[in-house]
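Numbering (UniProt numbering), first residue to last: 1 to 601.
Below is one structure; the comments refer to it alone.
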């Protein structure tokens with residue numbers, strides 16, 4: 001937040017929603033964003049960099065809650081960021097990755113402890129009374145069949161797991177009982193004692209489920225509120241710190257590595273970001289590619305005011321990049337082009353995108369400073385801008401230079417990013433721009449701010465009833481271990497160095513949540529693209545080149561993407577970066593009872 005003068009006194013203006021708060025407020029009273037005071041407008045680099053807005057606690061707290069509510073998300077986050085100590089940490093706008101990963105580690109440890117206790121109690125119940133165990137499995141199968149599940153946990157999978165559990169546990173218990181009968185050992189000397197033990201074991205199962213649900217409920221619905229949320233390391237002693245710090249000591253080195261990489265990136269100033277990636281798509285952290293355009297056109301001399309042929313002045317690609325960045329930077333001063341002045345907080349960064357496989361294949365071409373300091377260390381998060389800009393004029397196949405224009409809106413829940421690259425020689429100009437969209441967090445992760453449909457008691461009861469049909473899932477979680485990628489002596493595995501998916505992308509929904517989010521995404525990509533095209537045309541004119549070919553190519557590009565079709569929260573037919581109308585199409589599958597998009601991808 002910035003401190004502004006107001007007729008009624010000094011106020012703190014939220015950088016997220018522009019709401020005026022008291023100067024000593026720690027959080028915005030409207031959107032709950034953390035207060036971060038930005039002192040003045042700083043410049044650095046050719047486009048006049050401003051300091052990037054510090055991560056807002058809104059997205060971070062949602063993802064911390066997601067780690068406790070979604071085991072799949074927590075495991076994927078740990079596997080991507082903590083297992084490989086040489087893996088690059090890609091930029092994740094609006095997220096404190098180290099804080100989220102700490103909760104992911106703790107949540108995984110809590111689940112494994114809970115599941116270990118529940119599996120032991122379940123086996124004990126089968127030993128005491130196999131008929132009771134079989135009946136429990138039948139009830140669990142019926143409950144799983146009647147309970148709606150997400151696609152990754154379909155009712156048929158639950159039923160099949162229950163049947164398999166019944167068969168396996170029955171065979172094990174039968175074999176054990178036969179052995180005890182042969183040896184003459186009686187587990188429970190009397191039926192009354194057996195009944196008491198059975199009731200105690202059943203009560204223990206219910207208590208374990210209830211305690212786990214109550215702890216998670218108190219954590220995500222009370223401690224993760226906008227005004228009360230704090231990183232786990234900032235929580236004083238107590239049950240919250242105990243729960244959120246489980247098993248984190250074993251991962252402390254890896255968590256510190258992530259925290260250092262993010263701190264270096266935030267403090268990089270006008271240094272260029274380095275993104276070493278694995279897989280096919282290089283724009284890690286920016287979401288899905290919505291549209292990309294390539295223009296190649298000849299450079300011909302223009303005509304002067306008197307109709308004579310002009311003498312064009314040659315230029316380098318880096319000069320064009322600087323001019324475009326300055327032109328896009330001027331959008332920040334607009335007051336009405338974007339709701340809540342989102343363009344004022346636009347981030348303009350220089351990025352070097354490097355595929356991990358090609359990086360290792362070109363280790364002999366060591367720039368100064370190197371992208372990869374050593375095979376036992378991760379790639380550097382940033383490099384001096386002047387070194388990276390050399391790749392704009394002399395591009396390499398294994399390292400590509402881009403200008404990145406990122407606009408974060410809706411409490412940093414929606415982000416549009418435009419990547420711009422250029423190449424030039426004495427006869428030809430090459431232009432490339434790619435638009436990416438990072439959609440909002442999944443709706444299930446926002447439930448912590450809503451009144452739950454069922455309290456912890458009902459959820460615990462449901463967990464206890466379906467416990468037998470989830471036994472294999474719990475056993476798999478107990479025995480699962482994270483292991484680094486295998487690597488033979490003398491071999492170097494590229495996937496150990498390249499980033500794949502950020503925490504924010506792992507939690508992104510397939511759809512937007514509001515019509516205006518679609519409209520704003522189109523607005524920002526369109527505004528930035530027009531600013532880029534206008535800047536290129538003006539630059540060519542200033543240098544004495546004809547812009548006829550460029551204007552025709554730009555016009556063809558605009559006409560190609562001249563219509564917007566918003567159907568169920570998705571862009572259809574390209575991202576529609578032209579001047580056409582927005583057509584909202586109604587689909588019978590687009591609205592669910594909860595008011596969200598129910599369309600399948």
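Ideal Cβ positions, reconstructed from N, Cα and C, are used throughout, including at glycine.
With C-beta atoms as the reference, is residue 316 less than 7 Å away from residue 352? no
To the nearest angstrom, how far is the alpha carbon of residue 444 from that of residue 473? Here the alpha carbons of residue 473 and residue 444 stand approximately 21 Å from one another.
Skipping 5 residues on each side, what residues in its chain have a beta carbon closer than 7 Å to that of residue 394? none
Residue 491: first and last residue of the uninterrupted beta strand (DSSP E) it sits in: Residue 491 -> no beta strand (DSSP E), and no H or E assigned at all.
Does the separation of the CB atoms of residue 276 and residue 354 fall below 7 Å? Less than 7 Å separates the beta-carbon of residue 276 from that of residue 354.
How is residue 63 classed by DSSP in three states: helix, strand or coil? helix
Buried or exposed for residue 576, going by 16 or more other Cβ atoms inside 10 Å? A caution first: residue 576 carries a pLDDT of 35, below 50, which makes its placement in the model too unreliable to give a value.
Same chain only: Cβ atoms within 7 Å of residue 66, ignoring 5 sequence neighbours per side: 73, 445, 507
Following the continuous alpha helix (DSSP H) through residue 402, name the residue where it begins and the one where it ends. That residue, residue 402, is in no alpha helix (DSSP H); its beta strand (DSSP E) goes 400 to 409.
Using 7 Å as the threshold, is the C-beta distance between residue 323 and residue 535 below it? yes
In this structure, how does DSSP classify residue 121 when only helix, strand and coil are distinguished? If DSSP states are grouped into helix, strand and coil, residue 121 belongs with the helices.
CA nearest to the CA of residue 363, picked from 463, 492, 246: The shortest CA-to-CA distance from residue 363 to any of 463, 492, 246 is the one to 492.
Ends of the beta strand (DSSP E) at residue 414? 414 to 424
Based on DSSP bridge pairs, tell me the residues matched to residue 382. BP columns for residue 382 point to 273.
Cross-strand partners of residue 328 (DSSP beta bridge): Beta-bridge pairing links residue 328 to no other residue.
Whole-angstrom distance between residue 296 and residue 302, CA atom to CA atom: 18 Å
Can you look up residue 350 in the DSSP assignment and give me helix, strand or coil? strand
When you compare each of 412, 309, 401, 140 to residue 272 by their alpha carbons, which one comes out closest? Out of 412, 309, 401, 140, 401 has the C-alpha closest to the C-alpha of residue 272.
Give the single residue among 496, 481, 482 whose Cα lies nearest to the Cα of residue 488. 496
Buried or exposed: residue 550, going by 16 or more other Cβ atoms within 10 Å of its Cβ? With 16 or more other Cβ atoms within 10 Å, it is buried.
Between residue 90 and residue 344, is the Cβ-Cβ spacing less than 7 Å? no
Comparing alpha-carbon positions, which option in 119, 413, 241, 526 lies nearest residue 286? 413
Buried versus exposed, by CB contacts within 10 Å (16 or more), residue 458: exposed
Verify whether the separation of the beta carbon atoms of residue 331 and residue 539 is less than 7 Å. Contact annotation: residue 331 and residue 539 have beta-carbon atoms that are not nearer than 7 Å.
Among all the DSSP beta bridges, which residues are the ones paired with residue 436? According to DSSP, which records beta bridges pairwise, residue 436 is partnered with 289, 417.
Locate the alpha helix (DSSP H) running through residue 471, then write down its first and last residues. 471 to 479
4-residue-minimum alpha helix (DSSP H) runs that sit fully inside the stretch 219 to 273, ordered along the chain: Annotation: the stretch 219 to 273 contains the following complete segments of the alpha helix (DSSP H) (minimum length 4 residues), in chain order: 239 to 244, 252 to 266.
Secondary structure of residue 431, DSSP reduced to three states: Here residue 431 sits in strand by DSSP.
Put residue 296 into one of helix, strand or coil per three-state DSSP. strand
From residue 104 to residue 112, what distance separates their C-alpha atoms? Rounded to whole angstroms, the separation of the alpha carbons of residue 112 and residue 104 is 12 Å.
Sequence-distant residues of the same chain with beta carbon closer than 6 Å to residue 432, five excluded per side: 294, 421
Under the three-state reduction of DSSP, which class applies to residue 396: helix, strand or coil? strand
Residue 208 beta carbon less than 7 Å from that of residue 68: no
Inspect the beta-carbon positions of residue 494 and residue 356 and report whether they are closer than 7 Å. yes
For residue 141 and residue 80, what's the separation of their Cα atoms in angstroms? 34 Å
Rounded to whole angstroms, what is the Cα-Cα separation between residue 470 and residue 100? 27 Å
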